[in-house]
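J.: The opening position of the sequence shown corresponds to residue 39 in this note's numbering, with each subsequent residue numbered one higher. C-beta atoms are modelled at their ideal positions from N, C-alpha and C, and glycine is treated no differently.
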Amino acid sequence: MKKNSYIFILIFSFLALSCREEIELETDTFESVLVVEATVTNELKHHEIKISRTSVLEETEQIIENNADVIIVDNAGNSFNFSQNTEGVYISDNLFEALPNVEYTLEINTTNGATYSSNQQTLTPISQIDNLYAEFVDDDVKGPGVQIFVDSENNNPNTQYFRYEFEETYKIKAPYDFPTGFYFTGFFDYNDQCDRCYYDINFFEKPIEIEEEICYTTNLNTEIIQANTITLTENNILRLPVRFIPLDESNNIIDTSILRDRYSIKVKQYVQNLEAYNYYKLIYNLSNTESVLSQTQSGFAEGNISAIGNNNISVVGFFEVASVAEERIFFNYQDVNIPYPNYIYACDKQDLDFNDTVNTQCDGDLNERRQLYNLVSREQYQLVDLGNLLAPNVYTIAKEECVNCTTIGTNIQPDFWID
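(1) Using only the alpha-carbon positions, how far apart do serine 329 and arginine 234 sit?
(2) Please report the straight-line C-alpha distance between threonine 124 and asparagine 323, rounded to a whole angstrom.
(3) For glutamate 364, I'd like the list of residues in its chain whose CB is within less than 8 Å of its CB, leaving aside the five on either flank, ordered along the chain.
(4) Does valine 414 come out as helix, strand or coil in the three-state DSSP assignment?
(5) Ignore the nearest five residues each way along the sequence and tell me which others in tyrosine 411's own chain have a CB closer than 8 Å to its CB.
(6) With glutamate 313 as the anchor, note down where its alpha helix (DSSP H) starts and where it stops.
(7) Using three-state DSSP, classify leucine 297 as helix, strand or coil.
(8) To the nearest angstrom, how far is it from the Cα of isoleucine 101 to the Cα of phenylalanine 369?
(9) Please state the DSSP three-state secondary structure of valine 422.
(10) Does the count of Cβ pairs from the region 246-257 and the region 196-214 closer than 8 Å reach three?
(11) Per DSSP, which residues does glycine 181 bridge with? Please list them.
(12) Based on Cα-Cα distance, which residue from Asn139, Glu247, Tyr301 lies nearest to glutamine 372?
(13) With burial defined as no fewer than 16 other Cβ atoms inside 10 Å of the residue's Cβ, what is the status of valine 422: buried or exposed?
(14) Let me make sure I understand the geometry here. Which of Asp394, Arg366, Ala76, Gln122 has the alpha-carbon closest to that of glutamate 406?
(15) Which of the three DSSP states is assigned to cysteine 440 in this structure?
(16) Would you decide whether histidine 84 is buried or exposed? Buried here means 16 or more other CB atoms lie within 10 Å of its CB.
(17) By the DSSP assignment, the beta strand (DSSP E) with proline 284 in it spans what residues?
(18) Secondary structure at isoleucine 446, three-state DSSP: helix, strand or coil?
(19) Report all residues from its chain with a CB closer than 6 Å to the CB of proline 138; omit the five preceding and five following residues, and keep chain order.
(20) According to the neighbour-count rule (16 or more other Cβ atoms, all chains shown, within 10 Å of its Cβ), is cysteine 57 buried or exposed?
(21) Buried or exposed: serine 130, going by 16 or more other Cβ atoms within 10 Å of its Cβ?
(22) Bridge partners for cysteine 253 per DSSP, in chain order?
(23) So, is aspartate 227 buried or exposed, given that buried needs 16 or more other C-beta atoms within 10 angstroms?
(24) Apart from the five residues on each side of it in sequence, which residues of its chain come closer than 6 Å, Cβ to Cβ, to alanine 76?
(25) Near phenylalanine 216, which residues of its chain fall below 7 Å by C-beta distance, leaving aside the five closest residues on each side in sequence?
(26) When burial is assigned at 16 or more other CB atoms within 10 Å of the CB, is leucine 297 buried or exposed?
(27) Once DSSP output is grouped into helix, strand and coil, what is the label at tyrosine 202?
(28) Within this structure, are the beta carbons of isoleucine 109 and asparagine 119 separated by less than 8 Å?
(29) Just to check my reading of the structure: isoleucine 262 and tyrosine 199 have Cβ atoms closer than 8 Å, yes? What is that Cβ distance to the nearest angstrom?
(30) How far does the beta strand (DSSP E) with valine 353 in it extend, from its first residue to its last?
(31) Going by Cα to Cα distance, which pick from Pro430, Val362, Asn426, Ile239 is closest to alanine 136?
(32) Rounded to whole angstroms, what's the CA-CA distance from serine 121 to glutamate 103? Just pull it up for me.
(33) Whose C-beta lies closer than 6 Å to the C-beta of valine 78 among residues of the same chain, with five residues either side of it excluded?
(34) Three or more beta-carbon pairs under 8 Å between the region 264-282 and the region 182-191, yes or no?
(35) From the DSSP output, in three-state form, read off glutamate 75 for me.
(36) Rounded to whole angstroms, what is the Cα-Cα separation between aspartate 391 and tyrosine 433?
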(Lines of atoms letter the chains of each structure in order from A; the text may use other names.)
(Lines give C-alpha, C1' and ligand atoms only; values in the text may rest on other atoms or scores of the structure.)
Protein backbone atom coordinates (compact mmCIF):
# COMPACT_ATOMS: atom_id res chain seq x y z
CA MET A 39 0.00 0.00 0.00
CA LYS A 40 1.50 3.31 -0.99
CA LYS A 41 2.16 6.03 1.59
CA ASN A 42 -0.02 8.52 -0.30
CA SER A 43 -2.96 6.15 -0.07
CA TYR A 44 -2.38 5.80 3.67
CA ILE A 45 -2.29 9.55 4.14
CA PHE A 46 -5.47 10.02 2.08
CA ILE A 47 -7.39 7.52 4.18
CA LEU A 48 -6.10 9.15 7.37
CA ILE A 49 -7.11 12.67 6.33
CA PHE A 50 -10.49 11.54 5.00
CA SER A 51 -11.23 9.67 8.20
CA PHE A 52 -10.53 12.65 10.40
CA LEU A 53 -12.64 14.87 8.16
CA ALA A 54 -15.47 12.39 8.47
CA LEU A 55 -15.32 12.68 12.23
CA SER A 56 -16.00 16.42 12.03
CA CYS A 57 -19.13 16.08 9.86
CA ARG A 58 -22.56 16.42 11.41
CA GLU A 59 -24.04 13.76 9.14
CA GLU A 60 -22.88 10.20 9.75
CA ILE A 61 -20.88 8.86 6.82
CA GLU A 62 -20.27 5.17 6.18
CA LEU A 63 -16.60 4.75 5.25
CA GLU A 64 -15.63 2.27 2.57
CA THR A 65 -12.26 1.23 1.21
CA ASP A 66 -11.67 2.27 -2.41
CA THR A 67 -8.39 0.44 -2.98
CA PHE A 68 -6.74 -2.05 -0.67
CA GLU A 69 -3.44 -3.89 -0.42
CA SER A 70 -2.95 -6.79 1.97
CA VAL A 71 0.07 -5.88 4.09
CA LEU A 72 1.88 -8.12 6.55
CA VAL A 73 1.68 -6.94 10.18
CA VAL A 74 4.25 -8.24 12.68
CA GLU A 75 4.29 -7.83 16.47
CA ALA A 76 7.48 -9.30 17.93
CA THR A 77 9.21 -8.58 21.23
CA VAL A 78 11.91 -10.90 22.57
CA THR A 79 13.16 -10.30 26.11
CA ASN A 80 15.71 -11.52 28.63
CA GLU A 81 13.03 -13.79 30.14
CA LEU A 82 13.63 -17.52 29.82
CA LYS A 83 10.33 -18.58 28.28
CA HIS A 84 8.47 -19.54 25.10
CA HIS A 85 8.38 -16.21 23.25
CA GLU A 86 5.44 -15.17 21.05
CA ILE A 87 5.24 -13.47 17.68
CA LYS A 88 1.95 -12.28 16.18
CA ILE A 89 1.64 -12.15 12.40
CA SER A 90 -1.48 -10.91 10.64
CA ARG A 91 -2.66 -8.90 7.65
CA THR A 92 -4.13 -5.43 7.35
CA SER A 93 -7.89 -5.36 6.81
CA VAL A 94 -10.21 -2.97 5.03
CA LEU A 95 -12.09 -0.35 7.05
CA GLU A 96 -15.34 -2.33 6.80
CA GLU A 97 -13.80 -5.41 8.47
CA THR A 98 -13.54 -5.77 12.26
CA GLU A 99 -11.87 -9.18 12.58
CA GLN A 100 -8.12 -9.57 12.44
CA ILE A 101 -6.80 -11.55 9.48
CA ILE A 102 -4.30 -14.14 10.73
CA GLU A 103 -1.29 -15.04 8.57
CA ASN A 104 -1.29 -18.83 8.63
CA ASN A 105 1.44 -21.41 8.04
CA ALA A 106 4.38 -19.02 7.86
CA ASP A 107 7.93 -20.16 8.59
CA VAL A 108 9.18 -18.03 11.48
CA ILE A 109 12.71 -18.12 12.89
CA ILE A 110 15.01 -15.92 14.94
CA VAL A 111 18.74 -16.25 14.31
CA ASP A 112 21.67 -14.72 16.15
CA ASN A 113 25.22 -13.89 15.16
CA ALA A 114 26.54 -16.73 17.34
CA GLY A 115 25.04 -19.32 15.01
CA ASN A 116 21.95 -20.14 17.08
CA SER A 117 18.45 -20.35 15.63
CA PHE A 118 15.06 -20.41 17.35
CA ASN A 119 12.09 -21.81 15.44
CA PHE A 120 8.48 -20.77 16.01
CA SER A 121 5.30 -22.77 15.39
CA GLN A 122 1.74 -21.51 15.01
CA ASN A 123 -0.78 -22.32 17.75
CA THR A 124 -4.56 -22.58 17.46
CA GLU A 125 -5.03 -18.81 18.00
CA GLY A 126 -2.75 -17.93 15.10
CA VAL A 127 0.13 -16.84 17.35
CA TYR A 128 3.61 -18.18 16.67
CA ILE A 129 5.30 -19.67 19.75
CA SER A 130 8.97 -20.58 20.04
CA ASP A 131 9.47 -24.34 20.02
CA ASN A 132 11.97 -24.12 22.88
CA LEU A 133 12.58 -21.91 25.89
CA PHE A 134 15.20 -19.22 25.31
CA GLU A 135 16.24 -15.79 26.52
CA ALA A 136 17.88 -12.84 24.79
CA LEU A 137 21.48 -12.36 25.94
CA PRO A 138 23.62 -9.19 26.11
CA ASN A 139 25.94 -8.33 23.23
CA VAL A 140 24.25 -10.79 20.85
CA GLU A 141 22.65 -9.63 17.59
CA TYR A 142 19.23 -11.12 16.75
CA THR A 143 17.37 -11.12 13.43
CA LEU A 144 13.77 -12.14 12.73
CA GLU A 145 13.08 -13.97 9.47
CA ILE A 146 9.61 -14.80 8.07
CA ASN A 147 8.68 -16.80 4.99
CA THR A 148 4.99 -16.69 4.02
CA THR A 149 3.02 -19.19 1.96
CA ASN A 150 2.83 -16.78 -1.00
CA GLY A 151 6.61 -17.02 -1.39
CA ALA A 152 7.55 -13.69 0.18
CA THR A 153 10.52 -13.45 2.55
CA TYR A 154 10.85 -10.82 5.26
CA SER A 155 13.76 -9.94 7.51
CA SER A 156 14.34 -7.46 10.33
CA ASN A 157 17.31 -5.30 11.18
CA GLN A 158 19.69 -6.78 13.72
CA GLN A 159 18.69 -5.99 17.29
CA THR A 160 20.62 -6.32 20.56
CA LEU A 161 19.33 -6.59 24.12
CA THR A 162 18.88 -3.25 25.87
CA PRO A 163 20.39 -2.61 29.33
CA ILE A 164 18.50 -3.88 32.37
CA SER A 165 16.50 -1.54 34.59
CA GLN A 166 14.46 -2.58 37.64
CA ILE A 167 11.13 -1.33 38.96
CA ASP A 168 11.96 0.12 42.36
CA ASN A 169 8.43 0.88 43.51
CA LEU A 170 4.89 0.11 42.38
CA TYR A 171 2.14 1.69 44.47
CA ALA A 172 -1.46 2.95 44.46
CA GLU A 173 -2.85 6.22 45.81
CA PHE A 174 -6.18 8.02 45.81
CA VAL A 175 -5.82 11.21 43.74
CA ASP A 176 -8.05 14.00 42.52
CA ASP A 177 -6.75 14.61 39.02
CA ASP A 178 -7.49 17.95 37.34
CA VAL A 179 -8.47 16.19 34.11
CA LYS A 180 -9.60 12.69 35.06
CA GLY A 181 -11.23 13.60 38.37
CA PRO A 182 -11.03 11.55 41.58
CA GLY A 183 -9.85 7.98 41.46
CA VAL A 184 -7.13 5.50 42.27
CA GLN A 185 -3.85 6.06 40.45
CA ILE A 186 -1.15 3.40 40.21
CA PHE A 187 2.41 4.73 39.91
CA VAL A 188 5.82 3.33 38.96
CA ASP A 189 9.25 4.44 40.18
CA SER A 190 12.46 3.32 38.49
CA GLU A 191 15.94 4.66 39.35
CA ASN A 192 18.58 4.14 36.66
CA ASN A 193 22.34 4.47 36.99
CA ASN A 194 23.00 3.36 33.42
CA PRO A 195 22.88 6.39 31.06
CA ASN A 196 21.79 4.08 28.22
CA THR A 197 18.44 3.36 29.88
CA GLN A 198 16.45 6.38 28.76
CA TYR A 199 13.45 4.96 26.90
CA PHE A 200 10.75 2.82 28.46
CA ARG A 201 7.51 1.06 27.56
CA TYR A 202 5.03 -0.35 30.08
CA GLU A 203 2.39 -3.05 30.08
CA PHE A 204 0.12 -4.14 32.90
CA GLU A 205 -2.04 -7.13 33.76
CA GLU A 206 -4.71 -6.61 36.39
CA THR A 207 -6.57 -9.32 38.27
CA TYR A 208 -9.41 -8.74 40.69
CA LYS A 209 -11.42 -10.92 43.00
CA ILE A 210 -15.19 -11.12 42.60
CA LYS A 211 -17.46 -12.20 45.42
CA ALA A 212 -21.07 -12.66 44.32
CA PRO A 213 -23.49 -10.75 46.61
CA TYR A 214 -25.82 -13.75 46.88
CA ASP A 215 -24.64 -17.31 47.39
CA PHE A 216 -27.43 -19.86 47.78
CA PRO A 217 -26.85 -23.65 47.83
CA THR A 218 -30.18 -24.53 46.22
CA GLY A 219 -31.13 -24.12 42.58
CA PHE A 220 -34.32 -24.85 40.72
CA TYR A 221 -35.71 -25.48 37.27
CA PHE A 222 -39.18 -25.72 35.75
CA THR A 223 -41.02 -28.57 34.03
CA GLY A 224 -44.55 -29.12 32.71
CA PHE A 225 -45.26 -25.53 31.71
CA PHE A 226 -48.90 -25.04 30.65
CA ASP A 227 -50.43 -21.76 29.49
CA TYR A 228 -54.20 -21.42 29.90
CA ASN A 229 -54.10 -18.40 27.58
CA ASP A 230 -57.29 -16.83 28.92
CA GLN A 231 -57.93 -13.16 29.64
CA CYS A 232 -56.17 -13.39 32.97
CA ASP A 233 -53.07 -14.98 31.45
CA ARG A 234 -53.01 -17.99 33.81
CA CYS A 235 -50.24 -20.56 33.59
CA TYR A 236 -48.93 -23.51 35.56
CA TYR A 237 -45.66 -25.43 35.87
CA ASP A 238 -43.77 -27.60 38.32
CA ILE A 239 -40.76 -26.38 40.29
CA ASN A 240 -37.90 -28.82 40.81
CA PHE A 241 -35.17 -28.12 43.37
CA PHE A 242 -31.59 -29.41 43.50
CA GLU A 243 -28.54 -28.90 45.69
CA LYS A 244 -25.66 -27.24 43.88
CA PRO A 245 -22.48 -29.35 43.78
CA ILE A 246 -20.14 -28.33 46.59
CA GLU A 247 -17.08 -28.69 44.35
CA ILE A 248 -18.36 -26.06 41.90
CA GLU A 249 -17.46 -22.64 43.29
CA GLU A 250 -19.95 -19.90 42.32
CA GLU A 251 -19.36 -17.32 45.04
CA ILE A 252 -15.70 -16.34 44.56
CA CYS A 253 -14.11 -15.82 41.14
CA TYR A 254 -11.28 -13.92 39.47
CA THR A 255 -11.07 -11.81 36.33
CA THR A 256 -7.88 -10.79 34.51
CA ASN A 257 -7.53 -7.95 32.00
CA LEU A 258 -4.56 -6.78 29.92
CA ASN A 259 -3.93 -3.18 28.98
CA THR A 260 -4.53 -2.25 25.36
CA GLU A 261 -2.98 1.22 25.27
CA ILE A 262 0.67 2.08 24.66
CA ILE A 263 2.36 3.52 27.78
CA GLN A 264 5.80 5.07 27.36
CA ALA A 265 8.22 7.33 29.21
CA ASN A 266 11.69 8.75 28.68
CA THR A 267 14.29 10.59 30.76
CA ILE A 268 16.12 12.53 28.03
CA THR A 269 14.97 15.94 29.34
CA LEU A 270 15.47 15.14 33.04
CA THR A 271 18.48 16.07 35.13
CA GLU A 272 18.47 12.59 36.67
CA ASN A 273 17.90 9.36 34.77
CA ASN A 274 14.96 8.28 36.94
CA ILE A 275 11.28 7.51 36.37
CA LEU A 276 9.31 8.87 39.34
CA ARG A 277 5.55 8.68 39.89
CA LEU A 278 4.79 7.56 36.36
CA PRO A 279 1.01 6.90 36.13
CA VAL A 280 0.33 3.53 34.48
CA ARG A 281 -3.29 2.80 35.48
CA PHE A 282 -6.12 5.10 36.59
CA ILE A 283 -9.32 3.69 38.12
CA PRO A 284 -11.93 6.47 38.26
CA LEU A 285 -14.39 7.37 41.00
CA ASP A 286 -16.92 10.12 40.39
CA GLU A 287 -17.38 13.10 42.70
CA SER A 288 -20.60 11.84 44.33
CA ASN A 289 -18.88 8.60 45.38
CA ASN A 290 -20.99 6.73 42.88
CA ILE A 291 -18.57 3.93 42.07
CA ILE A 292 -17.70 3.45 38.43
CA ASP A 293 -14.61 1.40 37.57
CA THR A 294 -13.64 1.11 41.23
CA SER A 295 -16.06 -1.81 41.43
CA ILE A 296 -13.03 -3.92 40.51
CA LEU A 297 -11.51 -2.93 43.88
CA ARG A 298 -14.51 -4.19 45.86
CA ASP A 299 -13.08 -7.50 47.09
CA ARG A 300 -9.34 -7.46 46.28
CA TYR A 301 -7.19 -6.19 43.44
CA SER A 302 -3.76 -7.03 42.02
CA ILE A 303 -1.74 -5.50 39.21
CA LYS A 304 1.48 -6.67 37.57
CA VAL A 305 3.45 -4.05 35.67
CA LYS A 306 6.15 -4.85 33.13
CA GLN A 307 8.83 -2.30 32.25
CA TYR A 308 10.59 -2.71 28.90
CA VAL A 309 13.80 -0.78 28.23
CA GLN A 310 13.69 0.36 24.60
CA ASN A 311 16.25 1.68 22.20
CA LEU A 312 15.54 4.97 20.42
CA GLU A 313 14.30 3.25 17.25
CA ALA A 314 11.77 1.10 19.11
CA TYR A 315 10.65 4.03 21.28
CA ASN A 316 9.96 6.22 18.24
CA TYR A 317 8.08 3.42 16.48
CA TYR A 318 5.72 2.79 19.41
CA LYS A 319 5.28 6.53 19.92
CA LEU A 320 4.20 6.88 16.29
CA ILE A 321 1.79 3.98 16.66
CA TYR A 322 0.29 5.65 19.74
CA ASN A 323 -0.11 8.99 17.99
CA LEU A 324 -1.84 7.41 14.98
CA SER A 325 -3.88 4.80 16.83
CA ASN A 326 -5.03 6.39 20.07
CA THR A 327 -8.39 5.40 21.53
CA GLU A 328 -10.07 8.56 20.28
CA SER A 329 -9.39 7.66 16.65
CA VAL A 330 -11.51 5.48 14.39
CA LEU A 331 -8.22 4.19 13.01
CA SER A 332 -7.22 2.45 16.24
CA GLN A 333 -7.56 -1.15 15.06
CA THR A 334 -7.45 -1.11 11.29
CA GLN A 335 -4.73 1.36 10.38
CA SER A 336 -1.53 0.09 11.97
CA GLY A 337 -0.15 0.17 8.43
CA PHE A 338 0.66 3.89 8.74
CA ALA A 339 3.87 3.13 10.68
CA GLU A 340 6.90 1.54 9.09
CA GLY A 341 9.16 -0.45 11.38
CA ASN A 342 12.44 -2.34 11.06
CA ILE A 343 11.12 -5.28 8.98
CA SER A 344 11.26 -5.36 5.19
CA ALA A 345 10.62 -7.71 2.27
CA ILE A 346 13.77 -9.26 0.84
CA GLY A 347 14.36 -8.70 -2.88
CA ASN A 348 11.15 -6.75 -3.49
CA ASN A 349 10.89 -3.10 -2.48
CA ASN A 350 7.28 -2.98 -3.70
CA ILE A 351 6.05 -5.26 -0.90
CA SER A 352 5.10 -3.29 2.21
CA VAL A 353 5.29 -4.64 5.74
CA VAL A 354 4.20 -3.13 9.04
CA GLY A 355 5.69 -4.00 12.39
CA PHE A 356 8.72 -3.99 14.60
CA PHE A 357 11.10 -6.63 15.93
CA GLU A 358 12.24 -5.55 19.39
CA VAL A 359 14.78 -7.13 21.73
CA ALA A 360 14.27 -5.55 25.13
CA SER A 361 15.19 -6.19 28.73
CA VAL A 362 12.17 -6.41 30.99
CA ALA A 363 11.48 -6.10 34.70
CA GLU A 364 8.19 -6.70 36.45
CA GLU A 365 6.55 -6.03 39.80
CA ARG A 366 3.19 -7.03 41.32
CA ILE A 367 1.20 -5.51 44.17
CA PHE A 368 -2.07 -6.39 45.94
CA PHE A 369 -4.37 -3.98 47.71
CA ASN A 370 -7.93 -3.53 49.02
CA TYR A 371 -10.21 -0.53 48.76
CA GLN A 372 -9.44 0.43 52.37
CA ASP A 373 -5.76 0.78 51.49
CA VAL A 374 -6.51 3.65 49.11
CA ASN A 375 -9.15 5.32 51.30
CA ILE A 376 -12.20 5.04 49.07
CA PRO A 377 -15.77 4.09 50.07
CA TYR A 378 -16.79 0.44 49.83
CA PRO A 379 -17.38 -0.06 46.08
CA ASN A 380 -20.61 -1.32 44.65
CA TYR A 381 -20.76 -4.69 42.94
CA ILE A 382 -20.01 -4.70 39.21
CA TYR A 383 -23.73 -5.06 38.44
CA ALA A 384 -26.89 -3.78 40.09
CA CYS A 385 -28.22 -6.70 42.16
CA ASP A 386 -31.76 -5.94 43.25
CA LYS A 387 -33.74 -8.95 44.46
CA GLN A 388 -37.31 -9.73 43.50
CA ASP A 389 -39.84 -11.58 45.69
CA LEU A 390 -42.39 -13.42 43.56
CA ASP A 391 -45.39 -15.42 44.76
CA PHE A 392 -46.01 -18.66 42.89
CA ASN A 393 -49.69 -18.56 43.95
CA ASP A 394 -50.27 -15.15 42.35
CA THR A 395 -51.66 -16.12 38.94
CA VAL A 396 -53.75 -13.10 37.96
CA ASN A 397 -52.35 -10.45 35.68
CA THR A 398 -52.73 -6.67 35.56
CA GLN A 399 -55.92 -6.49 33.51
CA CYS A 400 -57.72 -8.65 36.09
CA ASP A 401 -56.64 -7.25 39.45
CA GLY A 402 -54.25 -4.39 38.68
CA ASP A 403 -51.30 -6.48 39.87
CA LEU A 404 -48.51 -8.44 38.27
CA ASN A 405 -48.98 -12.12 37.48
CA GLU A 406 -46.07 -13.18 39.69
CA ARG A 407 -46.18 -16.85 38.69
CA ARG A 408 -45.66 -15.95 35.05
CA GLN A 409 -43.05 -13.31 35.95
CA LEU A 410 -41.12 -15.91 37.95
CA TYR A 411 -41.13 -18.26 34.98
CA ASN A 412 -40.12 -15.55 32.49
CA LEU A 413 -37.23 -14.16 34.52
CA VAL A 414 -35.72 -17.54 35.39
CA SER A 415 -36.20 -19.30 32.05
CA ARG A 416 -35.61 -16.38 29.68
CA GLU A 417 -33.40 -13.88 31.51
CA GLN A 418 -31.30 -16.29 33.60
CA TYR A 419 -32.38 -15.14 37.04
CA GLN A 420 -31.42 -17.53 39.84
CA LEU A 421 -32.82 -18.48 43.22
CA VAL A 422 -31.55 -16.43 46.18
CA ASP A 423 -33.93 -17.53 48.96
CA LEU A 424 -36.97 -19.71 49.59
CA GLY A 425 -40.22 -18.81 51.21
CA ASN A 426 -40.79 -19.23 54.96
CA LEU A 427 -43.68 -20.64 57.01
CA LEU A 428 -45.72 -17.47 56.54
CA ALA A 429 -45.12 -17.30 52.80
CA PRO A 430 -44.06 -20.80 51.66
CA ASN A 431 -44.65 -20.13 47.97
CA VAL A 432 -42.64 -16.89 47.71
CA TYR A 433 -39.31 -17.19 45.87
CA THR A 434 -36.56 -14.57 45.96
CA ILE A 435 -34.53 -14.32 42.77
CA ALA A 436 -31.74 -12.11 41.40
CA LYS A 437 -29.79 -11.79 38.16
CA GLU A 438 -27.49 -14.69 37.39
CA GLU A 439 -24.31 -12.60 37.57
CA CYS A 440 -25.26 -11.63 41.14
CA VAL A 441 -25.52 -15.27 42.25
CA ASN A 442 -23.04 -17.14 40.05
CA CYS A 443 -19.69 -15.37 39.67
CA THR A 444 -18.54 -17.75 36.92
CA THR A 445 -20.71 -15.77 34.49
CA ILE A 446 -18.16 -12.91 34.72
CA GLY A 447 -14.95 -14.64 35.82
CA THR A 448 -13.25 -17.93 36.56
CA ASN A 449 -13.55 -19.81 39.84
CA ILE A 450 -9.96 -21.06 39.48
CA GLN A 451 -7.71 -19.04 41.77
CA PRO A 452 -4.52 -17.83 40.03
CA ASP A 453 -1.29 -19.39 41.25
CA PHE A 454 0.10 -16.01 42.27
CA TRP A 455 -2.95 -14.92 44.28
CA ILE A 456 -2.49 -13.83 47.92
CA ASP A 457 -5.48 -12.99 50.10
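T.: To lay it out plainly:
(1) No answer about serine 329 holds up, because its pLDDT of 39 lies below 50 and its placement is not dependable.
(2) 32 Å
(3) Ile167, Lys304, Val305, Lys306, Gln307
(4) helix
(5) Phe222, Phe225, Cys235, Tyr237
(6) 312-324
(7) helix
(8) 39 Å
(9) strand
(10) yes
(11) Asp177
(12) Tyr301
(13) buried
(14) Asp394
(15) helix
(16) exposed
(17) 274-284
(18) coil
(19) Leu161
(20) Note that cysteine 57 scores 44 on pLDDT, short of 50, meaning its location in the model is unreliable and no value can be drawn from it.
(21) buried
(22) Ile210
(23) exposed
(24) Ile87, Leu144, Phe357
(25) Leu421, Val422, Asp423, Val441
(26) buried
(27) strand
(28) yes
(29) That belief does not hold up - the Cβ atoms of isoleucine 262 and tyrosine 199 are roughly 13 Å apart, past 8 Å.
(30) 353-369
(31) Val362
(32) 12 Å
(33) His85, Ala136, Val359
(34) yes
(35) strand
(36) 6 Å
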